[in-house]
Amino acid sequence: MSGAQVFLIRHGDTGDALKGRFVGRNDVPLGPIGRRQAAALAGRPDLKSCREAFCSPMLRVRQTLAHSELDLACQQDANLREIDFGRWEGLSFAEISRDYPAEVDSWAGLESDFRFPGGEAYADFLHRIQKAAERIARTAASQTSPVAIFTHGGVIRALICHWLGLPAKHYLLFEIEPASVSAVRLFGDQGVLTGLNDLSHLREDRS
């Protein structure tokens, strides 16, 4: 199969204090586990074959790339930042469900006018993801080797939906864990999913 291969890497774990909590605009670092997870990415032959990369400018993503020690020419792209969750930042889903029940229902249905309370409108998020996706697709089409994208779980879900032509409401159907690798083969600005949430390089940390 021809086409341009793109690998989507989520940043590593950010520590127990933030586990199960919404973290978007807060610029938190990797925790000890996250640093080990990032280093494990260096053992993946598929990522070693990459020469070009894009990454979110947020600290946890830049640290993931740095600790991976992969030999990549990386361009930062602000459109690859995670969603700004507004007043949901740092809260658990249980806390949000208790304090913002109507907003949670609206979010679950991904209504077109949904905005995270005090944060980013979902339509604005999708618009910047589309711009990032188009830029990545142009770069990937010009390369003879795969392109790596270091970013966030929400961004990876949105990119997958964009390239597969899926409705935005399917955004929440993909599980994207810390330091996981997903893959899409692009044909222009459309794609085929060739890998999802691969954690095979993290066997030691998951045992």
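Per my numbering, the very first residue in the sequence shown carries number 12; after that it's consecutive. All C-beta atoms in this analysis are idealised placements derived from N, C-alpha and C, irrespective of residue type, glycine included. Treat the numbers as computed from the prediction; the structure is a model and nothing was measured.
With contacts defined as CB atoms closer than 8 Å, ILE140 and VAL166 qualify as a contacting pair.
In the three-state scheme derived from DSSP, where H, G and I count as helix and E and B as strand, SER67 is classed as coil. Excluding the 5 residues flanking it on each side, THR205 has same chain C-beta neighbours closer than 8 Å at GLN16, ALA194, VAL195 and ARG196, in chain order.
Beta-bridge annotation (DSSP): GLN201 is paired with PHE198. For LEU121 and LYS180, the gap between their C-alpha atoms comes out near 5 Å. For CYS85, the enclosing beta strand (DSSP E) begins and ends at 84-87. Every alpha helix (DSSP H) of 4 residues or more that sits fully in the stretch 78-142 is shown, in chain order, as 104-110 and 112-119. Just measuring C-alpha positions, the residue of ILE20, ALA169, VAL72 and THR75 sitting nearest LYS142 is ALA169.
In this structure, DSSP gives VAL34 a state outside helix and strand, which the three-state scheme calls coil.
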